[in-house]
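Peer 1: Before anything else, here's the structure in question.
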Ligand SMILES: *Cc1c(COP(=O)(O)O)cnc(C)c1O
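In my numbering, the protein residues as written are 10 to 493.
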């Protein structure tokens with residue numbers, strides 16, 4: 010602290026002084042004048058922090074005024090908006106995971122334009138429950154006795170542990186103590202829900218006997234967690250649901266008067282259809298299979314492999330789901346009408362035999378590389394038509410797409426991408442231009458000074474057009490000399 014250059018701190022301008030600058034003068038007339046003052050204050054504060062932490066930033070009134078004007082004006086621009094995903098990561102968590110099917114979008118529109126049957130039963134002409142809209146559909150698809158949907162799967166895990174393992178023990182394999190990202194860690198969730206975690210086995214191997222030895226009269230559940238975003242390979246062993254079911258059954262028989270030991274699986278991605286024919290042995294086992302193997306409860310996300318809106322769905326035995334519906338967390342974590350509408354419409358698509366083609370996430374995951382190639386070919390032609398050959402080398406290359414979202418972690422999806430090698434400008438600059446300057450940001454893949462546009466996640470010919478346009482505009486503004 011002793012070395013803070015006070016002369017620099019003193020050189021920082023007053024807020025009022027910056028507000029007089031011509032950059033900010035027009036904003037002064039706008040009704041939210043205090044937004045301009047707030048913006049100036051935050052720009053000056055940031056400079057002050059940098060000085061205090063030992064930097065020596067240049068203090069320039071014009072620059073401060075400009076940064077403040079940009080900041081104040083940006084309030085009026087949408088922050089959450091559409092992007093084009095040419096990264097090839099299908100369930101891209103940063104880009105909103107699953108795009109919705111047209112049927113789901115229409116359902117949302119229908120419900121938000123006016124009033125709805127959110128908690129009203131037309132049959133009874135009386136109060137209904139929002140839990141009813143999706144439950145029968147989920148049961149029909151998965152074979153579950155009952156179901157409930159909440160805000161997301163993290164919330165679902167939390168609620169199950171809170172209801173059934175609060176103050177008691179949940180046994181989980183050390184190979185499944187995962188972090189999913191965004192500070193969702195199984196041990197932390199356990200702690201939050203007041204369940205006592207009992208770890209068994211080793212990172213690579215957990216045997217049935219490990220679970221058996223750990224069971225005490227205080228054990229509430231055997232917990233299985235899908236390892237989602239990683240795969241342990243080599244000398245490994247884990248215990249499946251069916252084996253755990255046998256252990257729980259013999260335990261419950263021996264202590265028929267106690268609270269039964271339950272089996273709960275956090276399945277993660279929400280696989281409703283068996284993708285084995287499309288993606289081979291890497292396909293995840295389905296929710297129906299987990300229930301059939303003997304899980305009492307299974308939870309999963311609505312917006313990963315399921316391909317719907319953000320949600321967390323819990324399926325299983327009716328007596329357990331009924332208890333969850335009464336847990337105060339069910340009220341705190343409930344879904345809103347837009348999500349329910351989108352979820353219900355997405356679920357209904359699963360009733361049709363061509364669900365894999367009608368749900369965008371499943372369609373993208375299962376589309377053949379040859380079909381992807383056709384879209385990339387169109388993109389190449391559109392760019393080649395408008396771009397002199399001396400600007401960039403365009404090539405269609407075989408590549409690998411990823412499922413993302415912790416689903417099918419090691420599955421290499423063969424795909425095709427348009428690869429651009431830059432003879433003018435650079436891949437980095439173009440990448441920045443496409444993200445920052447295009448009206449609809451375009452997310453490509455930067456790889457060794459080349460820019461790749463993976464056709465698998467490009468959703469339509471409109472998006473092909475948007476990308477071609479963005480690329481051409483990058484070169485045009487560069488020729489025009491306006492490239493900063
Ligand atoms: C993704 C995932 C979660 C978190 O689900 P959200 O819907 O993102 O809250 C929890 N558990 C597993 C195994 C997952 O893959």
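C-beta atoms are modelled at their ideal positions from N, C-alpha and C, and glycine is treated no differently.
Determine the burial state of residue 264: buried for a count of at least 16 other Cβ atoms within 10 Å of its Cβ, exposed for fewer.
Peer 2: With fewer than 16 neighbouring CB atoms inside 10 Å of its own CB, residue 264 falls in the exposed class.
Peer 1: Quick one: residues with CB closer than 5 Å to any heavy atom of ligand 1, in chain order, please.
Peer 2: 161, 162, 163, 189, 235, 237, 275, 277, 310 and 415
Peer 1: Below 9 Å between beta carbons: does that hold for residue 100 and residue 414?
Peer 2: Yes, Cβ-Cβ distance for residue 100 and residue 414 is below 9 Å.
Peer 1: Ignore the nearest five residues each way along the sequence and tell me which others in residue 327's own chain have a CB closer than 6 Å to its CB.
Peer 2: Leaving aside the five residues that flank residue 327 on each side, the residues in its chain whose CB is nearer than 6 Å to its CB run, in chain order, 154 and 155.
Peer 1: Between which two residues does the beta strand (DSSP E) containing residue 363 stretch?
Peer 2: From DSSP, residue 363 is part of no beta strand (DSSP E); its letter is neither H nor E.
Peer 1: Where does residue 213 fall in DSSP's three states?
Peer 2: The three-state reading of DSSP puts residue 213 in coil, since its state is none of H, G, I, E or B.
Peer 1: Can you name the residues that DSSP bridges to residue 135?
Peer 2: 130
Peer 1: Should residue 29 be labelled buried (16 or more other beta-carbon atoms within 10 Å of its own) or exposed?
Peer 2: For residue 29, the number of other beta carbons within 10 angstroms of its own is below 16, and it is reported as exposed.
Peer 1: Helix, strand or coil for residue 103, going by three-state DSSP, please let me know.
Peer 2: helix
Peer 1: What is the DSSP secondary structure of residue 482, counted as helix, strand or coil?
Peer 2: helix
Peer 1: The beta strand (DSSP E) spanning residue 275 covers which residue range?
Peer 2: 271-277
Peer 1: Could you check if residue 480 is buried or exposed, using at least 16 other CB atoms within 10 Å of its CB as the buried criterion?
Peer 2: buried
Peer 1: Which residues does DSSP list as the beta-bridge partners of residue 424?
Peer 2: 408
Peer 1: Kindly provide the ranges of any beta strand (DSSP E) runs that are 3 or more residues long and lie completely inside the segment 214-298, ordered along the chain.
Peer 2: 228-234 and 271-277
Peer 1: If distances are taken between C-alpha atoms only, which option among 55, 345, 90 and 44 comes closest to residue 82?
Peer 2: 44
Peer 1: Would you mind listing the alpha helix (DSSP H) stretches within the segment 337-361 that are 4+ residues and don't spill past its ends, in chain order?
Peer 2: Qualifying alpha helix (DSSP H) stretches, in chain order: 337-341 and 346-358.
Peer 1: Quick check on residue 54: buried or exposed, where buried means 16 or more other Cβ atoms within 10 Å of its Cβ?
Peer 2: Per the 10 Å Cβ criterion, exposed.
Peer 1: Is the segment 259-278 touching the segment 306-313 in the sense that three or more CB pairs, one from each, lie closer than 8 Å?
Peer 2: yes
Peer 1: Cα separation between residue 431 and residue 482?
Peer 2: 14 Å
Peer 1: Between residue 21 and the rest of its own chain, which residues show a CB-CB distance below 7 Å, the 5 nearest in sequence each way excluded?
Peer 2: 53, 56, 57 and 68
Peer 1: At what residues does the alpha helix (DSSP H) containing residue 119 begin and finish?
Peer 2: 111-122
Peer 1: Pick from 49, 202, 225 and 288: whose alpha carbon is nearest that of residue 24?
Peer 2: 49
Peer 1: Near residue 442, what residues of its chain come up, given a Cβ to Cβ distance below 6 Å and the 5 sequence neighbours on each side ignored?
Peer 2: These residues qualify, in order along the chain: 483.
Peer 1: By the DSSP assignment, the alpha helix (DSSP H) with residue 174 in it spans what residues?
Peer 2: 162-174
Peer 1: Among 183, 202, 204 and 268, whose alpha-carbon lies nearest the alpha-carbon of residue 211?
Peer 2: 183
Peer 1: Please identify the residue among 213, 237, 323 and 208 whose C-alpha is closest to the C-alpha of residue 223.
Peer 2: With distances taken between Cα atoms, residue 223 lies closest to 208.
Peer 1: What did DSSP end up calling residue 12 once you bin it into helix, strand or coil?
Peer 2: coil
Peer 1: Which of helix, strand or coil does DSSP assign to residue 328?
Peer 2: Residue 328 falls in the helix class under three-state DSSP.
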